[in-house]
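Chains as they are written, first to last, in this note's numbering: chain A, 6 to 338; chain B, 6 to 338.
The beta carbon of each residue, even a glycine, is placed where N, CA and C say it ideally should be.
All values reported here derive from a predicted model rather than from experimental measurement.
A short write-up of the structure that comes next.
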DNA sequence: TTTATTTACGAAACCGGTTTCGTTATAATA
DNA sequence: TATTATAACGAAACCGGTTTCGTAAATAAA
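Next up, the structure:
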């Protein structure tokens, strides 16, 4: 089947391609009657404009990218829905790009974006990302970037985050109140603001109570993390409380506890940053720090669109901190 | 910052744009020395080709689309990873488009694809989708489509599915063996093959045992589904077994049972089609029919790429049925 | 030496919209 | 009536790569 393009419409109506283009874009130069004829024919022939042609000429793709570590995570999948909900009404398409927590992947993806493939980027950096030169490079080339959740401190871009420090602090206090004395913090990366801030909140709470801090970093590999958690819980001085900074780690704690076995919450209490809808149906039900994922996605997309629409906006003015909620459930009670 | 394009490279090296283009594409027409100079400069200036320009000229976007109802679902998020893993090695980009189980959304998305935005489409149709004219139209315009998991029977396209009938049959037999007599099937749509086939397997098992069938359709709205399930479980003749065809419904069953309260598995036993990694940590742990999501994604992407590379391939020859696995856990034992 | 090939490159058309800059009627104003 | 403004449209440049075709110089074959 032959693709119908603007030229085909022009021939059919005995008009020029420029007239068709203007009619489709509702230009004042075209009479209402002609516009009507063009629109009618376009609808009848099921005409769909070639997005690459307009992007090439107009230097605008009307695409925005979401760069995230993975989709199989309740926070990210809900954030995607939030982003998509605002992008759609503004006529933007969304490209989802996965880094799989890998720095090289992230670099390669952002490098590609220098080509003009997208007008702007929403990102949550990978746990391996140590510096933001690849992000800064993109911003230098006039592709605005908005961080959501996982931001880098050495890049000046808008950031939509939660109150990570306070959440870490409150979650730790909650564990302490429930009687924990050896509380371990499971982070994902020493470079990540979310991990650092949550850990700082944890550390403050521990130090206020004069308790020793145990900070452990996990990797992107579920297998390695399993080993780390298992060894940690097998030691004689094993923790009686765990604060896990990402959802993936909570599953492993449940698994290891079931295997050893250790009873939750009697032997070990667990709090996890998570947006899992079924947290309440786990055994025991999981105490979570739940982030406003959908709202964060919406806010991040709104910030990016503001940057795209008015170039002279100060990114720092778009920063937002949206509070998380500590939901106490069986794993700590 | 000025975008560097092929013309900039040409001026810098005192060559023509065609020579640069050929050098970058490793054409035999260009001497090794010139190629080397071009590659070196391109790397030094961080040149990234404009994908829209090549797509426009070449009529190939090297983009494939994944059209699915949602991302917040363990099956789809794992399938995405499978698709992405094969697309990446073949140099294709992946666009994820969400229908939110809405037919109009799905139609609009596919209509857009008539523009040449993507070279091919992988899709799992929405639960509202009753007929495949929008899909057929796309295929007519030479955009190949491959179904994965949720296929439409009236569209002739390659389909990568699981053994839905057998899975439904086995899951139902399992419930019967565990003593259930009033087993309800929770489907998502009477038009969907997965729902129909699973239901047919359920019906066969029930009829073989001379048991009455109870088929209920749920919608895309969690609120409505909650009401449906709650009313079903409050009736005097409430089911003592449930076979849920999608993950979202299982969560609601847990919730309703906790509220009424009904004990699982004593009062109600539950089997659900799901890929949730934490199914084993639920209370009670969830008996699942687990699909090979990652493998299905890989197979679907491989089939699509085969269609893209050799036009004359028969779609029907690419069909695959990959078996699911019934994993017996606490909710039925 | 003459002719045929090969090598290495450039000019220009092309992809399909968008936009600028005419141009020709017609209407409005002086 | 002469002049200006306006309405409605077309021709062509343009976006940045890709590809076809042509060509000059170097090399090989006759």
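Item to check | beta strand (DSSP E) segment containing residue 69 of chain A, residue limits | outcome: 68-73
Item to check | Positions along the region 42-62 of chain B whose CB lies within less than 8 Å of some CB in chain A | outcome: Listed by position along the chain: 51, 53, 54, 55, 56, 57, 58, 60 and 61.
Item to check | residue 106 of chain B versus B:78, B:119 and B:89, residue with shortest Cα-Cα distance | outcome: If we check each option's Cα against that of residue 106 of chain B, B:78 comes out closest.
Checklist entry - By how many angstroms is the C-alpha of residue 258 of chain A removed from the C-alpha of residue 193 of chain A? => result 15 Å
Next on the checklist: Suppose you measure from the CA of residue 69 of chain B to the CA of residue 281 of chain A; what does that come to, to the nearest Å?
Outcome noted: Between residue 69 of chain B and residue 281 of chain A, the C-alpha separation is close to 30 Å.
Checklist entry - Cβ of residue 136 of chain B within 8 Å of Cβ of residue 159 of chain B? => result Against a cut-off of 8 Å, the Cβ pair of residue 159 of chain B and residue 136 of chain B comes out as a contact.
Checklist entry - At which residues does the alpha helix (DSSP H) containing residue 212 of chain A begin and terminate? => result 198-213
Next on the checklist: Looking at chain A, is there any beta carbon in it that lies within less than 8 Å of the beta carbon of residue 32 of chain B?
Outcome noted: no
Item to check | Residues of the region 75-91 of chain A whose Cβ lies closer than 9 Å to any Cβ of chain B, in chain order | outcome: For the region 75-91 of chain A, which is checked against every Cβ of chain B, the residues closer than 9 Å are 75, 76, 77, 78, 79, 81, 82, 83, 85, 86 and 89.
Next on the checklist: By alpha-carbon positions, which one of A:250, A:214, A:169 and A:241 ends up nearest to residue 388 of chain A?
Outcome noted: Past the boundaries of the shown model lies residue 388 of chain A; chain A is included only from 6 to 338, so the question cannot be answered.
Next on the checklist: So residue 121 of chain A contacts chain B; which residues on that side make the cut at Cβ distance below 9 Å?
Outcome noted: 8, 53, 55, 56 and 57
Checklist entry - Would you say residue 344 of chain A reaches chain B, if we count a Cβ-Cβ gap shorter than 8 Å as a contact? => result Given that chain A is displayed from residue 6 to residue 338, the structure contains no residue 344 of chain A and the question cannot be resolved.
Checklist entry - Does the region 324-334 of chain A touch the region 89-98 of chain A, meaning 3 or more C-beta pairs lie closer than 8 Å? => result no
Item to check | C-alpha distance - residue 313 of chain A paired with residue 149 of chain A, whole-angstrom precision | outcome: Each residue's alpha carbon lies about 7 Å from the other.
Checklist entry - Can you name the start and end residues of the beta strand (DSSP E) that residue 283 of chain B belongs to? => result Neither: residue 283 of chain B is in no beta strand (DSSP E) and is coded neither H nor E.
Item to check | Proximal residues to residue 66 of chain B (C-beta, below 7 Å), its chain only, five neighbours per side dropped | outcome: Result list for residue 66 of chain B: 60, 121, 122, 123 and 124, in chain order.
Checklist entry - Closer than 7 Å, Cβ to any Cβ of chain A: which residues of the region 97-125 of chain B, in chain order? => result Correct list: 100, 101, 103, 116, 117, 119, 120, 121 and 122.
Checklist entry - Just to confirm, are residue 248 of chain B and residue 173 of chain B a CB contact at a threshold of 8 Å? => result yes
Checklist entry - Under three-state DSSP, which class holds residue 35 of chain A? => result For residue 35 of chain A, the three-state secondary structure derived from DSSP is coil.
Next on the checklist: Less than 8 Å between the beta carbons of residue 11 of chain B and residue 22 of chain B, yes or no?
Outcome noted: yes
Checklist entry - Counting pairs of Cβ atoms below 8 Å between the region 298-307 of chain B and the region 194-207 of chain B, do you hit three or more? => result no
Next on the checklist: Tell me which residues share the same chain as residue 181 of chain A and place their Cβ nearer than 6 Å to its Cβ, disregarding the 5 neighbours each side in the sequence.
Outcome noted: Taking residue 181 of chain A as the centre and dropping the five residues before and after it, the same chain places the C-beta of 214 closer than 6 Å to its C-beta, in chain order.
Item to check | Reference residue 53 of chain A; option with closest CA among B:252, B:142 and B:87 | outcome: B:142
Next on the checklist: Quick check on residue 256 of chain A - is its C-beta less than 8 Å from some C-beta in chain B?
Outcome noted: yes
Item to check | Secondary structure of residue 325 of chain A, DSSP reduced to three states | outcome: strand
Next on the checklist: Within 10 Å of its beta-carbon, does residue 41 of chain A have 16 or more other beta-carbons around it, so buried, or fewer, so exposed?
Outcome noted: exposed
Item to check | Closest Cα partner of residue 286 of chain B within the set A:263, A:296 and A:17 | outcome: A:263
Checklist entry - What is the rounded straight-line gap between the Cα of residue 295 of chain B and the Cα of residue 269 of chain B? => result Between the alpha carbons of residue 295 of chain B and residue 269 of chain B lies a gap of roughly 20 Å.
Checklist entry - What does residue 286 of chain A reach in chain B if we use C-beta pairs closer than 8 Å? => result 256, 259, 260, 263, 287 and 288
Checklist entry - What first and last residue would you give for the alpha helix (DSSP H) that runs through residue 301 of chain A? => result 298-314
Item to check | Continuous beta strand (DSSP E) stretch holding residue 192 of chain B: start and end | outcome: Start and end: 188-192.
Item to check | Per-residue burial, residue 274 of chain A [other beta carbons within 10 Å of its own, 16 or more giving buried] | outcome: buried
Checklist entry - Hey, which unbroken runs of the beta strand (DSSP E) at 3 residues or more fall wholly within the region 71-95 of chain B? => result none
Checklist entry - Should residue 217 of chain B be labelled buried (16 or more other beta-carbon atoms within 10 Å of its own) or exposed? => result exposed
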